[in-house]
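Heads up: the protein sequence lines correspond to chains A and B, in order.
Numbered by numbering that gives the first Met the number 0, the letters in the first sequence go through residues 0 to 329 in order.
Numbered by numbering that gives the first Met the number 0, the letters in the second sequence go through residues 0 to 329 in order.
Think of the CB as a built atom: it goes at the ideal place given N, C-alpha and C, for glycine as much as any other residue.
Number of protein chains: 2
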Amino acid sequence: MATIKDVAARAGVALGTASRVLSGSSQTSADSRSRVLAAAAELNYIANGPARSLRRSRTDVLGLLVSDIRNPFFSDLAHAAEQEAGRLGYTVLLANANEDQAKVDDYLRIFASQRIDGLLLSPQGGHSPQLELLRATRLPLVLLNRTVDGLDAPIFGTDNAGGVASVLDWLQRRGHRDVAFVGGPPTISTGAERLAAYRAGRESHGISMDDALIDTGDFLPGGAAKAMHRILDRGMRPTAVFGANGPTTLGVVRALRQRLGADWAANIAIVSFDDLDWFEFASPAISAVRNDAATIGRLGVAGLVDLINGRSVDSLRVPTEFFDRSAGIS
Amino acid sequence: MATIKDVAARAGVALGTASRVLSGSSQTSADSRSRVLAAAAELNYIANGPARSLRRSRTDVLGLLVSDIRNPFFSDLAHAAEQEAGRLGYTVLLANANEDQAKVDDYLRIFASQRIDGLLLSPQGGHSPQLELLRATRLPLVLLNRTVDGLDAPIFGTDNAGGVASVLDWLQRRGHRDVAFVGGPPTISTGAERLAAYRAGRESHGISMDDALIDTGDFLPGGAAKAMHRILDRGMRPTAVFGANGPTTLGVVRALRQRLGADWAANIAIVSFDDLDWFEFASPAISAVRNDAATIGRLGVAGLVDLINGRSVDSLRVPTEFFDRSAGIS
DNA sequence: AAGCTTCATGGAACCGTTTCCATGAATGTG
DNA sequence: CACATTCATGGAAACGGTTCCATGAAGCTT
């Protein structure tokens with residue numbers, strides 16, 4: 000592979016001059032500029048990133064650590080983040096912790112070794128030695144959707160309280176009293192916040208305060224289905240179920256089908272935090288809080304780049320939108 | 000941040016010795032080993048990746064360029080690839096071309112600059128200067144699911160012909176004659192292969208040869224919906240529709256609902272290449288070819304690492320499995 | 001025309017590793 | 001006991017860029 004030395008030789012200039020032309024940092028004569036550029040094109044010169052990173056002690060790479068890339072919320076988010084990063088001259092190194100704290104640590108180590116310029120993190124909730132190091136290391140950091148106490152970094156996330164409030168309003172309007180809630184792990188802030196908002200709002204919305212109607216899973220279909228089964232096992236017969244994120248609602252629907260047969264839908268309404276492609280097709284259609292992953296990703300990257308450039312950044316809760324797909328009376 | 004020089008100083012050994020201990024390449028005395036490791040731990044030493052990459056002229060990074068990360072096929076694939084790569088000591092740099100040839104070129108340049116050790120590529124189909132360079136550059140390369148002619152690299156992908164054959168069999172068993180086919184771009188090999196296999200198999204399976212029943216989109220819901228509309232606009236009234244990938248089937252269902260109302264399903268059966276979470280919930284449930292993204296991702300990475308290590312690698316078509324969800328008579 | 005400033009350029013230092021080479025201690029052998 | 005061999009170690013070169021510093025040519029000023 001051609002090096003900048005080859006380019007300089009072919010252009011008949013000193014190595015330093017070639018570098019100045021190619022990185023555009025300093026003034027160069029029109030003559031040497033054109034000769035260097037020509038030589039670079041002829042040799043298909045592509046600068047050696049590691050060498051450049053070593054010298055400049057920055058990589059123009061951002062780390063993005065998500066909890067579950069197969070969750071559409073995160074794949075949308077990652078997609079938008081990547082777009083925005085590209086626009087701002089950064090590359091995104093995407094890692095998937097798979098809702099597993101050990102993998103978070105592994106990837107934080109890898110990121111540190113790669114010397115990323117900043118990190119977008121959607122944490123699992125728990126503490127860990129690597130997270131402590133993260134604080135010590137002063138790496139520009141933005142949290143996505145989930146907080147972890149002790150880390151004071153700006154967070155870009157969903158307005159969980161607002162989203163839950165819109166669900167509560169909907170449940171009340173539809174006259175549901177016996178509502179089951181299937182949540183996420185209480186260790187994850189999103190799980191805790193949504194559950195707390197739901198608990199706090201039940202009474203004023205005429206919803207049963209019986210905690211036997213509440214259970215939590217792992218924010219994945221498998222764990223959510225088990226939680227739904229436990230609720231039914233306790234003899235509860237809800238008229239509506241609220242799933243606290245997309246994969247959870249999927250698990251809930253699977254469990255209900257398995258338990259009550261294909262006709263379950265006639266008797267039980269579903270409402271979800273996170274909107275999925277197929278909710279419009281369910282019969283009756285499933286209403287949902289739409290969680291704007293793309294905006295969170297975009298703003299998160301923009302905020303992180305601000306941090307890197309020494310500007311101060313404020314946390315932001317992105318508002319949700321409720322999609323009421325119930326027919327007739329609203 | 001601590002450097003290996005700091006570690007060596009603290010351990011009271013020469014820089015070279017510290018390096019030998021930490022990279023474990025060469026013999027070192029038990030004494031210096033323990034002192035270096037202790038010093039490294041105390042200083043929270045993490046090796047500078049760029050410096051190491053520069054010197055060793057390898058990065059232990061694999062590039063993975065997918066066409067659309069929001070397509071569950073690719074997010075499953077990416078997930079599995081990442082797992083396998085981690086197991087083999089590599090990190091994956093994931094990029095999303097968003098079904099856009101220009102972005103493919105952008106990312107190939109970024110990958111080249113990052114000096115990745117190998118590339119997993121799911122191409123858009125078209126040719127481009129960057130792809131030519133890719134060939135010249137001799138970068139270890141594995142294609143995922145899609146070929147591009149002129150690039151002779153092992154390909155790990157779905158058995159498209161086999162998958163389509165199982166769909167044709169199903170259509171015949173269910174007695175469908177007027178079947179619509181909504182495909183992907185003919186420029187993408189997956190799109191072309193699936194269409195060709197379908198076309199070739201129609202007659203022997205008793206399916207109408209009328210090409211007005213065939214249209215193609217962009218492998219995204221939007222384009223697929225438009226294609227479905229065009230078929231209906233031509234006055235066709237199929238009893239079954241075959242969507243050529245996951246997002247396509249989503250678009251097809253949307254178009255049918257919009258056009259024929261919520262009751263469309265009573266009259267039209269859907270069958271899909273790629274199985275999606277919600278197909279089991281549709282009524283009637285949607286049958287589908289399951290496309291084993293995880294296996295493709297895992298084998299692709301393993302194959303790429305073999306290539307990097309100079310071993311020869313053969314292409315592989317991963318067999319599909321048909322999920323017949325139709326009730327009653329099969 | 002002399003002196004001063006501007007500015008492109010060549011040359012060299014430097015970033016943090018790995019690895020080669022030479023050295024010298026320790027061990028083994030005849 | 002002399003000599004060969006093994007082996008851990010110190011020191012230095014090298015990877016491919018960027019950037020600092022010194023130099024000298026060219027342009028301005030008075």
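Are there 16 or more other CB atoms within 10 angstroms of the CB of B:G183, so buried, or fewer, so exposed?
Against the second sequence, residue 183 of chain B aligns to sequence position 184. So B:G183 ends up on the buried side.
I'd like to know if B:G23 contacts chain A, where contact means its C-beta is closer than 9 Å to some C-beta of that chain.
Taking the second sequence and counting its residues from 1, one reaches residue 23 of chain B at position 24. No - not a single Cβ of chain A is within 9 Å of the one on B:G23.
For the segment 195-210 of chain B, which residues have a CB atom closer than 9 Å to at least one CB atom of chain A, in sequence order?
Taking 9 Å as the Cβ-Cβ cut-off, the segment 195-210 of chain B has no residue approaching chain A.
For B:T353, which of helix, strand or coil comes out of DSSP?
Because residue 353 of chain B is not part of the residues shown, which for chain B are 0 to 329, the question remains open.
Distance, B:E81 Cα to B:G117 Cα:
Locating residue 117 of chain B in the second sequence gives position 118, where the first residue counts as 1. Locating residue 81 of chain B in the second sequence gives position 82, where the first residue counts as 1. When rounded, the distance between both Cα atoms is 14 Å.
Would you decide whether A:M0 is buried or exposed? Buried here means 16 or more other CB atoms lie within 10 Å of its CB.
Indexing the first sequence from 1 puts residue 0 of chain A at position 1. Around the beta-carbon of A:M0, fewer than 16 other beta-carbon atoms lie within 10 Å, marking it exposed.
Flag this pair as yes or no: are the beta carbons of A:V103 and A:S127 separated by less than 9 Å?
What you label residue 103 of chain A is simply residue 104 of the first sequence in a count that begins at 1. What you label residue 127 of chain A is simply residue 128 of the first sequence in a count that begins at 1. In contact: A:V103 and A:S127 (Cβ atoms closer than 9 Å).
Can you round the beta-carbon distance between A:G299 and A:L143 to whole angstroms, since I take them to be within the 8 Å contact cut?
Numbered from 1 along the first sequence, position 300 holds the residue referred to as residue 299 of chain A. Numbered from 1 along the first sequence, position 144 holds the residue referred to as residue 143 of chain A. That belief holds up - the Cβ atoms of A:G299 and A:L143 are roughly 5 Å apart, short of 8 Å.
Flag this pair as yes or no: are the beta carbons of A:P302 and A:F155 separated by less than 9 Å?
Taking the first sequence and counting its residues from 1, the one referred to as residue 302 of chain A is at position 303. Taking the first sequence and counting its residues from 1, the one referred to as residue 155 of chain A is at position 156. Note that residue 302 of chain A corresponds to Gly in the displayed sequence, not to Pro. In contact: A:G302 and A:F155 (Cβ atoms closer than 9 Å).
Rounded to whole angstroms, how far is the Cβ of B:P153 from the Cβ of A:R69, which I believe are closer than 8 Å?
Locating residue 153 of chain B in the second sequence gives position 154, counting from the first residue. Locating residue 69 of chain A in the first sequence gives position 70, counting from the first residue. Between the beta-carbon of B:P153 and that of A:R69 there is about 26 Å, and that puts the pair past the 8 Å contact cut.
Using a C-beta cutoff of 9 Å, does A:L118 count as contacting chain B?
Looking up residue 118 of chain A in the first sequence gives position 119. Not an interface residue.
Between the Cα of A:R34 and those of A:D67, A:I213, A:T58 and A:A8, spot the shortest distance and give me the residue it belongs to.
As a working note, residue 34 of chain A is residue 35 in the first sequence. For A:R34, the closest C-alpha among the options A:D67, A:I213, A:T58 and A:A8 is that of A:A8.
Could you spell out where the alpha helix (DSSP H) holding B:D104 opens and where it closes?
For the purposes of this step, residue 104 of chain B is taken as the residue at position 105 of the second sequence. Element bounds for B:D104: Q100 to Q113.
Let me see if you follow: with CB-CB separation under 9 Å, is B:N266 close to chain A or not?
Within the second sequence, residue 266 of chain B is the residue found at index 267, counting from 1. Chain A contact via Cβ: absent.
Reducing DSSP to helix, strand and coil, say where A:D214 ends up.
As a position in the first sequence, residue 214 of chain A is number 215, starting the count at 1. Reduced to three states, the DSSP call for A:D214 is strand.
Backbone CA spacing between B:Y197 and B:F272 [nearest angstrom]
In the second sequence, counting from the first residue as 1, residue 197 of chain B sits at position 198. In the second sequence, counting from the first residue as 1, residue 272 of chain B sits at position 273. Straight-line Cα distance between these residues: approximately 12 Å.
Specify the secondary structure class of A:S271 as computed by DSSP and reduced to three states.
For the purposes of this step, residue 271 of chain A is taken as residue 272 along the first sequence, with counting starting at 1. Strand at A:S271.
Which of helix, strand or coil DSSP assigns to A:A336:
Only positions 0 to 329 of chain A appear in the structure, and residue 336 of chain A is not among them; the question remains open.
Using a Cβ-Cβ cutoff of less than 6 Å, which residues in the same chain neighbour B:R57 once the five nearest sequence positions on both sides are dropped?
What you label residue 57 of chain B is simply residue 58 of the second sequence in a count that begins at 1. Excluding sequence positions up to five before and after B:R57, its CB lies within less than 6 Å of the CB of D116, all in the same chain and listed in chain order.
Quick check on A:T136 - is its C-beta less than 9 Å from some C-beta in chain B?
The residue you call residue 136 of chain A lines up with position 137 of the first sequence. At least one chain B Cβ lies under 9 Å of A:T136.
Using the three-state DSSP reduction, which class does A:G296 fall into: helix, strand or coil?
Within the first sequence, numbered from 1, the residue matching residue 296 of chain A stands at position 297. Annotated three-state conformation of A:G296 is helix, per DSSP.
Name the chain A residues whose beta carbon is nearer than 8 Å to that of B:H78?
As a working note, residue 78 of chain B is residue 79 in the second sequence. I68, R69, N95 and N97, listed in chain order.
Specify the secondary structure class of A:L150 as computed by DSSP and reduced to three states.
Locating residue 150 of chain A in the first sequence gives position 151, counting from the first residue. A:L150: coil per DSSP, three-state reduction.
Do you know how far the Cα of A:D323 is from the Cα of A:P283?
Residue mapping note: residue 283 of chain A aligns to position 284 of the first sequence, counting from 1. Residue mapping note: residue 323 of chain A aligns to position 324 of the first sequence, counting from 1. In this structure, the CA atom of A:P283 is about 11 Å from the CA atom of A:D323.
So, is B:G11 buried or exposed, given that buried needs 16 or more other C-beta atoms within 10 angstroms?
As a first step, residue 11 of chain B must be located in the second sequence, where it is residue number 12. By the beta-carbon neighbour count (other beta carbons within 10 angstroms, threshold 16), B:G11 is exposed.
Under 8 Å from the C-beta of B:P122: neighbouring residues of chain A:
Numbered from its first residue, the second sequence carries residue 122 of chain B at position 123. Going along chain A, no residue has its Cβ under 8 Å from B:P122, so there is no contact; the nearest lies around 18 Å.
Collapsed DSSP secondary structure at B:A1 in the structure displayed:
Along the second sequence, one-based indexing puts residue 1 of chain B at 2. DSSP places B:A1 in the coil class of the three-state scheme, outside both helix and strand.
B:G85 to A:G125 span [Cα, whole Å]
Translated into positions along the second sequence, residue 85 of chain B becomes position 86. Translated into positions along the first sequence, residue 125 of chain A becomes position 126. Between B:G85 and A:G125, the C-alpha separation is close to 22 Å.
Hey, quick one: how far does the beta strand (DSSP E) through A:S286 stretch, first residue to last?
Counting from one through the first sequence, the residue named residue 286 of chain A turns up at place 287. Element bounds for A:S286: S286 to R289.
Which term fits B:A37, buried or exposed, when burial requires 16 or more other beta carbons within 10 angstroms of its beta carbon?
Indexing the second sequence from 1 puts residue 37 of chain B at position 38. By the neighbour-count rule (16 or more Cβ atoms within 10 Å), B:A37 is not buried but exposed.
Residue closest to B:L92, alpha-carbon to alpha-carbon, out of B:S112, B:Q100 and B:D99
Taking the second sequence and counting its residues from 1, the one referred to as residue 92 of chain B is at position 93. It is B:S112.
Just the Cα atoms here: how many angstroms apart are A:T157 and A:V65?
Counted from its first residue, the first sequence places residue 157 of chain A at position 158. Counted from its first residue, the first sequence places residue 65 of chain A at position 66. Whole-angstrom Cα-Cα distance: 15 Å.
Counted within 10 angstroms of its Cβ, other Cβ atoms place A:M208 as buried (16 or more) or exposed:
Sequence index remark: in the first sequence, residue 208 of chain A carries index 209 (1-based). Using a 10 angstroms sphere on the CB of A:M208, the tally of other CB atoms stays under 16, which defines it as exposed.
With a threshold of 9 Å between beta carbons, is B:N244 in contact with chain A?
Taking the second sequence and counting its residues from 1, one reaches residue 244 of chain B at position 245. Not one chain A Cβ lies under 9 Å of B:N244.
Which same chain residues end up closer than 7 Å to B:I328 when comparing Cβ atoms and leaving out the 5 residues on each side of it in sequence?
Here residue 328 of chain B refers to the residue found at position 329 when the second sequence is read from its first residue. Confidence in B:I328 is poor, its pLDDT being 44 and thus under 50, which makes the residue's placement unreliable; the coordinate value appears in the next sentence. Taking C-beta separations shorter than 7 Å and ignoring five residues to either side along the sequence, B:I328 has no partners in its chain.
Using a Cβ-Cβ cutoff of less than 8 Å, which residues in the same chain neighbour A:A164 once the five nearest sequence positions on both sides are dropped?
Residue numbering aside, residue 164 of chain A sits at position 165 when the first sequence is read from its first letter. Closer than 8 Å at Cβ, skipping near neighbours: A196 and G200.
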